[in-house]
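Q: In the working numbering, the protein residues as written are 2 to 237.
Heads up, the beta-carbon is just placed ideally off N, CA and C, and yes, glycines get one too.
As the structure is a prediction and not an experimental result, all values here were calculated from the model.
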Ligand SMILES: [Zn+2]
């Protein structure tokens, strides 16, 4: 309710009927401004937990056996935030065309139907790779890379990508946030290096938990340390 003083222009007091009329009018105006400019009045956004993905590898069973030997069993080390997914006990060395390498690159489980190495742009520059920024599983333009395991090495003609920024969510989350699978959205990370990320891909699967994945380059740019939430600013 908007307040007003008790006198009209002629200095006479308003009667109750006039007061009620003015109050109703003021409330109506205030409501219509708020609904027209509601976005401007919105001060809090939905919050999404952020997970930082360090460089990692997904492998087929065939490639795993080749690198580690037929008798080696693929074993879990610890579960990841997404149900069913885990960090395995196994790591490999990755080698690029400059013959530089990065050691101890973790294989994530479960084993998949394709081989995929996910690196950051910083890793790519160091290794001399030129991978595309793309969705997980889209390997048509992936960069060539060599994996070295304890038993053997494997050259992947199309193996390395820089994963798109993305948000995992259920169809219920998507309904609440007003998005659908494949949409791109905008999020903000608050803090000393407050950053807005655009082109964040929405990925929907009812087995997932709501979480945004950034690579280490993006996370470092926003000075992300520990448990952090992103503010969901809406679709692109
Ligand atoms: Zn992810």
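State buried or exposed for residue 121, treating a residue as buried only when at least 16 other CB atoms are found within 10 Å of its CB.
A: buried
Q: Could you check where the alpha helix (DSSP H) with residue 128 kicks off and where it finishes?
A: 122-128
Q: Helix or strand or just coil, what does DSSP make of residue 191?
A: coil
Q: Taking the straight line between their C-alpha atoms, what separation do you get for residue 78 and residue 109?
A: 10 angstroms
Q: Any residue with its Cβ nearer than 6 angstroms to a heavy atom of ligand 1 should be included. What is that list in chain order?
A: 167, 169 and 214
Q: Measuring only the C-alpha atoms, how far is residue 193 from residue 233?
A: 18 angstroms
Q: Which term fits residue 140, buried or exposed, when burial requires 16 or more other beta carbons within 10 angstroms of its beta carbon?
A: buried
Q: Whole angstroms is fine: what's the gap from residue 3's alpha carbon to residue 46's?
A: Low local confidence applies: a pLDDT of 49 at residue 3 is under 50, so the model's placement there is unreliable, with the coordinate-based value given in what follows. Looking at the two C-alpha atoms, the distance is approximately 27 angstroms.
Q: Mark residue 32 as exposed unless 16 or more other C-beta atoms lie within 10 angstroms of its C-beta, in which case mark it buried.
A: exposed
Q: From what residue to what residue does the alpha helix (DSSP H) around residue 62 run?
A: 62-69
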